[in-house]
C-alpha cells in the first residue's frame, strides 16, 4: 500500500549525500535517514509543509564526509530521537540491533516498518534498512550504485563488507530498489538484480574484491577531521 506513505529522496551536493524522508500519511509520523547539517533547513521546511511529526533521525553509520543533521533536527522538532546501530560506537538516543524493526505510524492500519540489517565493512556500525512494503533497501555506504563504500579507514574491512553485501543485501528479492547514501554520477537508485549482475566490485570473487579494494588509492576525505568528532556524538552537542 505505497499510497499510504510519503517518500522523498533529497540530495546534498558537497558530499553527494542522499537523505531520505519517509512518513505515514495517515498518522503524519515521519523518520529521516542520513540527514546532513547543511541541508537541515530545507528538510525541516519540507517536514513542516507536509505537517509531519518527525520521530526519528536515523543514520546508516558514523559518516566521515559530512556532519549529521540529527542534532539540529532534534532542536527543531522536540520529541525527535537520534538512531544508530548498537555497534556504531557513537552517541544516540536509540540503538538498533540486527533483525530489529524501527516503526512509525503504529496506530494506522499499515504502519511503516524498516527491518534493520547490520552490514559492517565500511565501518563496524554500518546498518542497512529494508522497507519490505515498498520493496527497497537503504544501504548507506555498504553498497553504492555500481560501487561500494571504501574500507581503508574507520574500522574498514573488505572481507566483512563482501560478506555483508552478499548475505544481507544480495539475499533480498531481485526487484528490491537500492537507495544508497551517496552517488557521484547523478544516478538516484538501482536494484538488487542490477548490482548482483553489474556491480564491478561486488560481482567478483571474495579474493578479487579484496584486491580491488586494497588498490583504490583514494584521497583523504576532505571533511573527516571535523565530521568524525561531531558524528561520534551524532551532531548533538555544541554548534553541531
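Numbering (our numbering), first residue to last: 8 to 247. Each residue gets a CB set at the ideal place from its N, CA and C atoms; glycine is no exception.
Which residues DSSP lists as bridging residue i, in chain order
{"i": "residue 235", "result": "Answer is none; residue 235 lacks a bridge partner."}
{"i": "residue 123", "result": "136"}
{"i": "residue 147", "result": "187"}
{"i": "residue 198", "result": "184"}
{"i": "residue 154", "result": "151"}
{"i": "residue 111", "result": "119"}
{"i": "residue 14", "result": "29"}
Nearest-angstrom Cβ-Cβ length linking residue i and residue j, presumed shorter than 8 Å
{"i": "residue 146", "j": "residue 111", "result": "Contact doesn't hold; Cβ gap of about 20 Å is too wide."}
{"i": "residue 26", "j": "residue 50", "result": "6 Å"}
{"i": "residue 125", "j": "residue 94", "result": "7 Å"}
{"i": "residue 132", "j": "residue 96", "result": "6 Å"}
{"i": "residue 223", "j": "residue 157", "result": "6 Å"}
Nearest neighbour of residue i, chosen from the options [CA to CA]
{"i": "residue 130", "options": "160, 120, 35", "result": "160"}
{"i": "residue 92", "options": "135, 77, 33", "result": "135"}
{"i": "residue 163", "options": "43, 70, 57, 11", "result": "70"}
{"i": "residue 40", "options": "56, 87, 11", "result": "87"}
{"i": "residue 60", "options": "46, 75, 47, 84", "result": "84"}
{"i": "residue 81", "options": "229, 15, 187, 44", "result": "44"}
{"i": "residue 11", "options": "193, 234, 37", "result": "37"}
{"i": "residue 140", "options": "16, 21, 29", "result": "29"}
{"i": "residue 21", "options": "54, 53, 32, 74", "result": "74"}
{"i": "residue 192", "options": "13, 18, 14", "result": "18"}
{"i": "residue 32", "options": "78, 108, 117", "result": "117"}
Next on the checklist: Suppose only complete runs of 4+ residues qualify. What are the alpha helix (DSSP H) ranges in the region 17-104, listed by chain order?
Outcome noted: 47-57, 77-83
Item to check | Three or more C-beta pairs below 8 Å linking the region 170-184 and the region 197-212 | outcome: yes
Next on the checklist: I want to know whether the region 101-109 touches the region 148-157 - three or more CB-CB distances under 8 Å.
Outcome noted: no
Checklist entry - Quick one: any contact between the region 62-80 and the region 133-147, if contact means 3 or more CB pairs under 8 Å? => result yes
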